[in-house]
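One rule links them: number in the working numbering = place in the sequence shown (from 1) + 77. One structure is given below, encoded as structure tokens.
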Amino acid sequence: MYGLVNKAIEDLVRRNHGDEAWERIRRRAGAEDSVFIGMRAYPDKVTYDLVAAASAELGVDADALLEDFGEHWVLYTAAEGYGELLALGGSSLREFLLHLDELHTRVGLTFPELRPPSFHCTDLQEGSLRLHYQSERPGLAPMVVGLLRGLGRRFDTDVDVRRVARREDGAPHDEFLVEYRTRP
Ligand code: 1MF
């Protein structure tokens with residue numbers, strides 16, 4: 078994954094646990110380079126190893142970390158130069174989710190090593206939808222829950238997420254039931 082992802086993990090750990098915790102996690106993960114380059118594509122293993130090392134070092138479940146990380150990603154990218162890109166996604170949670178594949182197509186035009194997941198929405202009702210998440214990367218569904226929470230914060234929207242199909246249980250892909258309500 079692009080180094081931007083590893084940088085966002087680093088930023089989250091440094092903010093919540095401090096610089097020394099980050100150094101321990103980085104070393105435990107065997108990440109030799111002390112700085113990640115945002116626009117360089119790294120093997121996915123680097124990212125998975127960072128999450129595993131953070132889980133061991135902090136004594137926090139890896140799925141909980143992935144969820145926190147998803148929430149942080151939305152706020153981090155908005156603050157770190159991708160504000161205009163995110164703004165193209167629209168001005169509500171629903172609109173953003175409907176445009177996510179286009180957003181990834183756009184990033185992929187400039188950064189061809191992007192291997193984006195695919196998101197599509199069905200069962201669109203007022204205040205709810207079913208989100209289908211297809212990724213070539215295993216185990217990242219908890220991150221999607223966090224991404225939805227981050228979008229909720231971005232759009233002042235209360236979000237309830239329920240995972241209703243799991244790829245690890247044999248479903249064709251992961252699905253989430255998303256209920257949302259804009260805060261008055
Ligand atoms: O393949 C990749 O490297 C990759 C990296 C990030 C693929 C997707 C993403 C974004 N995605 C992360 C979870 C991926 C899980 C999976 O693969 O199954 C989050 C998608 C997302 C969902 C909800 C709300 C917002 C989301 O992301 C918005 C977004 C997406 C991509 C970028 C920024 C914001 C992005 C921008 C530049 C990139 C890479 C990703 O590359 C750079 C970085 C720095 C300098 C130049 C290029």
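Beta carbons: idealized from backbone N, C-alpha and C, even for Gly.
Whole-angstrom Cβ separation of residue i and residue j, contact assumed at under 8 Å?
{"i": "residue 180", "j": "residue 191", "result": "At roughly 11 Å, the Cβ-Cβ gap does not stay under 8 Å, so residue 180 and residue 191 are not in contact."}
{"i": "residue 142", "j": "residue 151", "result": "That pair is no contact at about 16 Å."}
{"i": "residue 188", "j": "residue 228", "result": "Not confirmed; about 22 Å, so no contact."}
{"i": "residue 130", "j": "residue 102", "result": "5 Å"}
{"i": "residue 132", "j": "residue 126", "result": "Not confirmed; about 11 Å, so no contact."}
{"i": "residue 198", "j": "residue 175", "result": "6 Å"}
Is residue j closer than 8 Å to residue i when the C-beta atoms are compared?
{"i": "residue 223", "j": "residue 146", "result": "yes"}
{"i": "residue 185", "j": "residue 256", "result": "no"}
{"i": "residue 105", "j": "residue 134", "result": "yes"}
{"i": "residue 160", "j": "residue 116", "result": "no"}
{"i": "residue 276", "j": "residue 196", "result": "Coverage of the chain is limited to positions 78 through 261, which leaves residue 276 absent and any answer about it impossible."}
{"i": "residue 194", "j": "residue 210", "result": "yes"}
{"i": "residue 253", "j": "residue 241", "result": "yes"}
{"i": "residue 251", "j": "residue 260", "result": "no"}
Can you list, in chain order, the residues of its chain with a C-beta nearer than 6 Å to that of residue i? Leave out the 5 residues immediately preceding and following it.
{"i": "residue 144", "result": "219, 222 and 223"}
{"i": "residue 248", "result": "242"}
{"i": "residue 155", "result": "163"}
{"i": "residue 170", "result": "228, 232, 234 and 257"}
Which same chain residues, not among the five before or five after residue i, have their C-beta less than 8 Å away from its C-beta?
{"i": "residue 226", "result": "144, 147, 148, 236 and 238"}
{"i": "residue 213", "result": "192 and 194"}
{"i": "residue 97", "result": "none"}
{"i": "residue 177", "result": "166 and 196"}
{"i": "residue 168", "result": "232"}
Keeping to the same chain, check which residues put their C-beta closer than 7 Å to that of residue i; ignore five residues upstream and five downstream.
{"i": "residue 258", "result": "204, 234 and 235"}
{"i": "residue 153", "result": "85 and 88"}
{"i": "residue 200", "result": "206 and 207"}
Would you say the beta carbon of residue i is closer than 7 Å to some non-hydrogen atom of the ligand MG?
{"i": "residue 194", "result": "Questions concerning the ligand MG fall outside what the structure shown contains, since the ligands it does hold are the ligand 1MF."}
Query raised in the report: For the stretch 113-123 against the stretch 90-100, are there 3 or more C-beta pairs whose distance is under 8 Å?
Result: no
Query - Entirely enclosed alpha helix (DSSP H) segments - the stretch 134-177, minimum 4 residues - result: 139-156 and 160-165
Query raised in the report: Can you list the beta strand (DSSP E) stretches of 3 or more residues lying completely in the stretch 92-131, in chain order?
Result: none
**Report entry** beta strand (DSSP E) runs contained entirely in the stretch 202-241, provided each spans 3 or more residues
**Finding:** Runs of the beta strand (DSSP E) inside the stretch 202-241: 205-211.
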